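Position in the sequence shown (from 1) plus 13 gives the number in the numbering used here. Quick reminder that beta carbons are idealized off the backbone N, C-alpha and C, glycines included. Quick caveat: nothing in here was measured; it's all calculated off a predicted structure.
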Amino acid sequence: MDNVGANLSAIKKRFLQLHPQNATSGGTFSFKNGLPIIKFDISSSQMPLFLDGSSLRLSGIFTAFQGAAGTTQLTNTDRNFLDGFCGVNQCIESVTIYSKRLNETLERINTYYRLCPSIVSGTNAFKDIESRHSNYGGQHATCPLTRPGLNTYNAFSRTGAVPVANQRGIDFSMPLYAGMLNSGQDIDLSSVSGTGGLVIEILLRSDVGAIFGAEALTNGASYTLSNLVLTCPVYEMAGAPAQQYQGQVNQFNFNTWSSMFQTLNASDSVVSMTPGLSRVGSILLNYITASDLGNQNFNSARLGSIAETRQLRWSKNGSLFPLQYRLQTVEEQNNNQAKINISDPQSYHTYSVRADIFRNYLEGLTTDRYNKIRNCSSAYNNWYGGSTDRAQNSGRDGVLPSTSDGQAMLYDAYGGGVSFQQMVWSIQLQTSSTNLLQIESATPTNLANNIDGTSTTAQAVSIFYLNKNTLMLSPNGINVVR
Numbered sequence: 014m015d016n017v018g019a020n021l022s023a024i025k026k027r028f029l030q031l032h033p034q035n036a037t038s039g040g041t042f043s044f045k046n047g048l049p050i051i052k053f054d055i056s057s058s059q060m061p062l063f064l065d066g067s068s069l070r071l072s073g074i075f076t077a078f079q080g081a082a083g084t085t086q087l088t089n090t091d092r093n094f095l096d097g098f099c100g101v102n103q104c105i106e107s108v109t110i111y112s113k114r115l116n117e118t119l120e121r122i123n124t125y126y127r128l129c130p131s132i133v134s135g136t137n138a139f140k141d142i143e144s145r146h147s148n149y150g151g152q153h154a155t156c157p158l159t160r161p162g163l164n165t166y167n168a169f170s171r172t173g174a175v176p177v178a179n180q181r182g183i184d185f186s187m188p189l190y191a192g193m194l195n196s197g198q199d200i201d202l203s204s205v206s207g208t209g210g211l212v213i214e215i216l217l218r219s220d221v222g223a224i225f226g227a228e229a230l231t232n233g234a235s236y237t238l239s240n241l242v243l244t245c246p247v248y249e250m251a252g253a254p255a256q257q258y259q260g261q262v263n264q265f266n267f268n269t270w271s272s273m274f275q276t277l278n279a280s281d282s283v284v285s286m287t288p289g290l291s292r293v294g295s296i297l298l299n300y301i302t303a304s305d306l307g308n309q310n311f312n313s314a315r316l317g318s319i320a321e322t323r324q325l326r327w328s329k330n331g332s333l334f335p336l337q338y339r340l341q342t343v344e345e346q347n348n349n350q351a352k353i354n355i356s357d358p359q360s361y362h363t364y365s366v367r368a369d370i371f372r373n374y375l376e377g378l379t380t381d382r383y384n385k386i387r388n389c390s391s392a393y394n395n396w397y398g399g400s401t402d403r404a405q406n407s408g409r410d411g412v413l414p415s416t417s418d419g420q421a422m423l424y425d426a427y428g429g430g431v432s433f434q435q436m437v438w439s440i441q442l443q444t445s446s447t448n449l450l451q452i453e454s455a456t457p458t459n460l461a462n463n464i465d466g467t468s469t470t471a472q473a474v475s476i477f478y479l480n481k482n483t484l485m486l487s488p489n490g491i492n493v494v495r
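Okay, structure coming up:
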């Protein structure tokens with residue numbers, strides 16, 4: 014509680030539980046059978062009332078079905094999955110936070126389902142995901158020996174027996190990974206000295222973009238979210254400290270995520286744009302084979318490994334920045350040397366040799382220096398999600414282990430950020446255009462691990478900008494500095 018740490022004697026903590034403002038009589042939200050928009054209204058107060066955004070939780074029940082009507086239970090032998098790093102978050106398309114006093118959007122995260130797996134896998138190790146996060150949003154590792162598909166939760170009770178037809182699905186109680194809610198500073202909801210309350214709006218994804226797997230498309234797998242509750246821990250300030258606090262100009266510093274999207278079709282590609290942001294702290298990119306998006310056979314939240322990388326160049330207005338050099342790898346040469354026996358698929362291996370790129374990725378994702386990073390899910394040859402020795406399409410079907418790859422750059426950990434308001438941000442990515450691998454197969458079969466200019470290998474890149482913002486709050490009004 015950085016805002017009120019000097020006035021602890023005047024602080025009381027309590028919890029608010031809010032139901033969706035737009036709930037129907039059935040209380041069910043979904044793309045197929047209900048409303049695709051969930052709206053929570055966090056009211057203001059006259060006195061200072063501080064929201065602990067990092068402890069905010071969205072709770073409810075996730076239930077999966079199949080069939081045109083969306084009422085039939087999943088077949089227990091079918092392959093139906095949610096992404097292991099996303100869990101129930103894979104059902105969310107966007108998250109928007111409004112200030113009621115300012116009547117303005119403070120943060121909007123599009124393609125939230127692409128941001129979530131990067132944050133979860135980049136800041137949590139295997140045990141964290143199998144313990145805390147399995148209770149948050151049903152997250153789990155992807156292990157081919159013990160795949161916890163959705164059928165486990167929908168077709169069987171805890172004792173392994175087949176339940177009656179009204180099986181309720183998976184309980185979840187998960188945080189929201191919005192930058193504003195996780196900035197390390199509590200949010201004043203007061204109508205006098207704060208934001209005047211907040212509105213949080215969640216847009217759900219279509220069924221095709223959420224549940225995936227070999228039978229998910231065939232059987233028309235769908236989902237519903239029900240019994241939704243938003244739990245908000247708040248701190249109330251009263252007495253003389255409250256009056257003193259409200260009589261002055263207070264500053265609230267927070268981060269926001271902004272997202273953009275592009276497609277790479279060539280082995281030597283440039284991604285460039287003018288974000289229009291003046292205080293960028295870090296930039297995050299993650300990749301997936303473009304044809305996987307909108308295809309229910311494949312995982313749309315997968316963090317692909319981007320083929321065999323030759324080099325990566327970060328630039329500002331065409332000049333190298335913040336690194337004054339290109340990040341180069343020898344992945345392609347190493348993988349060529351690994352092809353020992355063309356008739357033996359077991360002699361083939363995928364080498365990921367991009368330690369410098371991955372170091373920058375973790376720094377940009379956590380907005381801190383590498384020596385302070387303690388946990389992540391990426392490790393060599395893991396038999397669960399996060400393996401680094403996998404080809405670019407590994408794990409797309411939910412059966413075999415996947416990667417937790419990406420690229421990022423930390424521009425400013427502790428200062429005011431870097432301006433791209435009228436500056437062009439860009440990267441140049443060079444990958445192999447021809448390399449093929451023979452892995453994950455009982456018989457030698459060529460698998461593309463390149464970007465060769467065809468639609469088969471084209472990569473969709475999601476770009477997320479973490480921008481620093483400041484609200485100047487006083488009884489006379491609010492001023493936003495972005």
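Segment limits, alpha helix (DSSP H) that includes residue i
i    : result
Y258 : 252-259
R92  : No alpha helix (DSSP H) contains R92, which DSSP labels as neither H nor E.
R145 : First-last for R145: undefined, no H or E at that position.
Identity of the residues DSSP links to residue i by a beta bridge
i    : result
G490 : S487
L378 : None; L378 has no bridge partner.
P414 : Paired residue(s): none; P414 is not in a bridge.
D281 : Q443
I370 : BP columns for I370 are empty, so no partner.
Y300 : V474
R526 : In the structure displayed, the chain extends from 14 to 495; residue 526 sits before or after that span and is not available.
Q341 : Q324
R27  : V247
R70  : T244
L316 : S417
V293 : V431, N480
Q79  : T85
A138 : Beta-bridge pairing links A138 to no other residue.
Q264 : M485
Q275 : V474
Exposed unless 16 or more other CB atoms sit within 10 angstroms - verdict on residue i
i    : result
Q434 : exposed
G226 : buried
S206 : buried
K25  : exposed
E117 : exposed
R315 : buried
R171 : Only weak support is given to the placement of R171: the predicted model assigns it a pLDDT of 45, under 50, and the value that follows is read from those uncertain coordinates. R171 comes out exposed.
D281 : exposed
A568 : Not covered by the structure: residue 568. The range shown for the chain is 14 to 495.
P335 : exposed
S235 : buried
T469 : exposed
P488 : exposed
G173 : Low per-residue confidence applies at G173: pLDDT is 45, beneath 50, and the placement is therefore not dependable enough to give any value.
K481 : buried
N89  : exposed
P157 : In this prediction, P157 scores a pLDDT of 46, lower than 50, which makes its location untrustworthy; no coordinate-derived value is stated.
V247 : buried
L333 : exposed
Y111 : buried
Y149 : buried
A368 : exposed
G44  : At residue 44 the sequence reads Phe, which differs from the Gly that was named. The residue in question, F44, is buried, as its Cβ has 16 or more Cβ neighbours within 10 Å.
S38  : exposed
G222 : buried
I476 : buried
H146 : buried
Contact belief for residue i with residue j at Cβ below 8 Å, rounded distance in angstroms
i    : j    : result
F94  : G411 : 4 Å
M422 : N373 : 6 Å
T41  : T237 : 5 Å
F185 : V101 : 5 Å
Q420 : L306 : Their Cβ separation, rounded to whole angstroms, is 19 Å, which puts Q420 and L306 out of contact at 8 Å.
S228 : R92  : The sequence shown places Glu at residue 228, not Ser. Yes, E228 and R92 are in contact; Cβ-Cβ is about 5 Å, under 8 Å.
Residue range of the unbroken beta strand (DSSP E) whose run includes residue i
i    : result
R326 : 322-329
S186 : 183-187
Q420 : 420-423
I50  : 50-55
F63  : 62-64
Minimum Cβ-Cβ distance from residue i to chain C less than 8 Å
i    : result
A251 : Any reference to chain C falls outside this structure, which holds one protein chain only.
Give the list of continuous alpha helix (DSSP H) stretches no shorter than 4 residues that lie fully inside the stretch 200-260. Runs found: 220-223, 227-232, 252-259.
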